[in-house]
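Student: Once you know that position 177 of the sequence shown is 190 in the numbering used here, the rest is easy, because the numbers rise by one and skip nothing.
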Amino acid sequence: MSTELEKRNIRRMSNKESNRITKECICDALIGLMKEHPYKDINMTMIIKKSGASRASVYRNYPSKEAIIQDITKNITDELSASLTGVLHKSNTYEWFLKVFSRLHSDKDMCVLIRNSNISFTDMFYNALCIASDSEYASQHEYIARGIAAGLWEVSLTWIKNGMKESPEYMARVCSETLRLE
Numbered sequence: 014m015s016t017e018l019e020k021r022n023i024r025r026m027s028n029k030e031s032n033r034i035t036k037e038c039i040c041d042a043l044i045g046l047m048k049e050h051p052y053k054d055i056n057m058t059m060i061i062k063k064s065g066a067s068r069a070s071v072y073r074n075y076p077s078k079e080a081i082i083q084d085i086t087k088n089i090t091d092e093l094s095a096s097l098t099g100v101l102h103k104s105n106t107y108e109w110f111l112k113v114f115s116r117l118h119s120d121k122d123m124c125v126l127i128r129n130s131n132i133s134f135t136d137m138f139y140n141a142l143c144i145a146s147d148s149e150y151a152s153q154h155e156y157i158a159r160g161i162a163a164g165l166w167e168v169s170l171t172w173i174k175n176g177m178k179e180s181p182e183y184m185a186r187v188c189s190e191t192l193r194l195e
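(1) How many Å lie between Ser77 and Met47 at the Cα?
(2) Could you work out which residue in Asn56, Leu117, Leu165 and Ile157 is closest to Gly176 when comparing CA atoms only?
(3) Can you tell me whether Tyr75 is buried or exposed? The criterion is at least 16 other CB atoms within 10 Å of its CB, across all chains shown.
(4) If you follow the alpha helix (DSSP H) that Asn32 is part of, which residue opens it and which one closes it?
(5) For the alpha helix (DSSP H) holding Ile132, just list the boundary residues, first then last.
(6) Does DSSP put Asp122 in a helix, in a strand, or in coil?
(7) Could I get the ranges of all uninterrupted alpha helix (DSSP H) runs contained in the region 53–94, with 4 residues as the minimum, in chain order?
(8) Just to confirm, are Phe114 and Pro51 a CB contact at a threshold of 8 Å?
(9) Under three-state DSSP, which class holds Ser115?
(10) Could you give the DSSP three-state label for Gly16: helix, strand or coil?
(11) Tell me the rounded alpha-carbon separation between Cys40 and Trp172.
(12) In angstroms, rounded to a whole number, what distance separates the CA positions of Arg33 and Met26?
(13) What did DSSP end up calling Gly160 once you bin it into helix, strand or coil?
(14) The alpha helix (DSSP H) spanning Met177 covers which residue range?
(15) Between which residues of its own chain and Ile89 is the CB-CB distance below 6 Å, once the five residues before and five after are set aside?
(16) Can you grab the Cα-Cα spacing for the pair Cys124 / Ser67, in whole Å?
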């Protein structure tokens, strides 16, 4: 069994590039382990072994497996946030929801792993939605924005649990028809 670092056949590189690849290998190792074991049964020793990185490198970047999963979910929410840039949910709810569900669908495997591990990243999800969309609306109507984010997160979890059988377009239509902001 080759480690994540061995799979990349890495030669000389800058410290910055080396650290980026090391972090990537550590994250990939955790994702791989989550496909094989329940999240609660995974420990740092397993991650270190699978990643191929040194114990010092792993702990320098991540003090715990929770820190690794936070980095993974942060990357997903950052990508979600970037995909929503310029789309105001108040003026075009269907397009906004479509971008959310399309982005989640493109990360389907990771979303399933996160959901199955009972890891909550509702706050990160909320922040991604607020930063990218209509942050002025979110700041003026914090309770409404949090309610939308929490509701959307629950709808997303149910969609993921059910195998994402419905298309992102269907999910966007249902959500935009259900939630008409005025």
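Positions of the beta carbon are idealized from the N, C-alpha and C atoms, including for glycine. Computed from a predicted model, the values in this text were never measured in an experiment.
Tutor: Taking the structure as given:
(1) Residue mapping note: residue 77 aligns to position 64 of the sequence shown, counting from 1. Residue mapping note: residue 47 aligns to position 34 of the sequence shown, counting from 1. Taking the straight line joining both Cα atoms gives about 15 Å.
(2) One-based indexing of the sequence shown puts residue 176 at position 163. Taking Gly176 as reference, the option from Asn56, Leu117, Leu165 and Ile157 with the minimal CA-CA separation is Leu117.
(3) Here residue 75 is taken as the residue at index 62 of the sequence shown, counted from 1. The residue is buried, with at least 16 neighbouring Cβ atoms inside 10 Å.
(4) Position 19 of the sequence shown, counted from the start, is the residue given in the question as residue 32. Per DSSP, Asn32 belongs to the alpha helix (DSSP H) from Asn28 to Glu49.
(5) In the sequence shown, residue 132 corresponds to position 119, counting from 1. That residue, Ile132, is in no alpha helix (DSSP H); it is neither H nor E in DSSP.
(6) The residue you call residue 122 lines up with position 109 of the sequence shown. It is helical.
(7) Restricted to the region 53–94, the alpha helix (DSSP H) segments that are unbroken, complete and at least 4 residues in length are 57–64 and 68–74, listed in chain order.
(8) As a first step, residue 114 must be located in the sequence shown, where it is residue number 101. As a first step, residue 51 must be located in the sequence shown, where it is residue number 38. Not in contact: Phe114 and Pro51 (Cβ atoms no closer than 8 Å).
(9) Counting from one through the sequence shown, the residue named residue 115 turns up at place 102. Here Ser115 sits in helix by DSSP.
(10) In the sequence shown, residue 16 corresponds to position 3, counting from 1. First, the amino acid is wrong: residue 16 is Thr here, not Gly. Residue state for Thr16 is assigned as coil, using DSSP reduced to three classes.
(11) By 1-based counting over the sequence shown, the position of residue 40 is 27. By 1-based counting over the sequence shown, the position of residue 172 is 159. The alpha-carbon atoms of Cys40 and Trp172 are separated by roughly 25 Å.
(12) Position 20 of the sequence shown, counting from 1, holds the residue named residue 33. Position 13 of the sequence shown, counting from 1, holds the residue named residue 26. Their backbone Cα atoms lie some 11 Å apart in a straight line.
(13) Within the sequence shown, the letter at position 147 stands for residue 160. Of the three classes helix, strand and coil, the one that applies to Gly160 here is helix, per DSSP.
(14) What you label residue 177 is simply residue 164 of the sequence shown in a count that begins at 1. Neither: Met177 is in no alpha helix (DSSP H) and is coded neither H nor E.
(15) In the sequence shown, the residue the question calls residue 89 occupies position 76. These residues qualify, in order along the chain: Asp120.
(16) By one-based count along the sequence shown, residue 124 stands at place 111. By one-based count along the sequence shown, residue 67 stands at place 54. So the two alpha carbons sit approximately 28 Å from each other.
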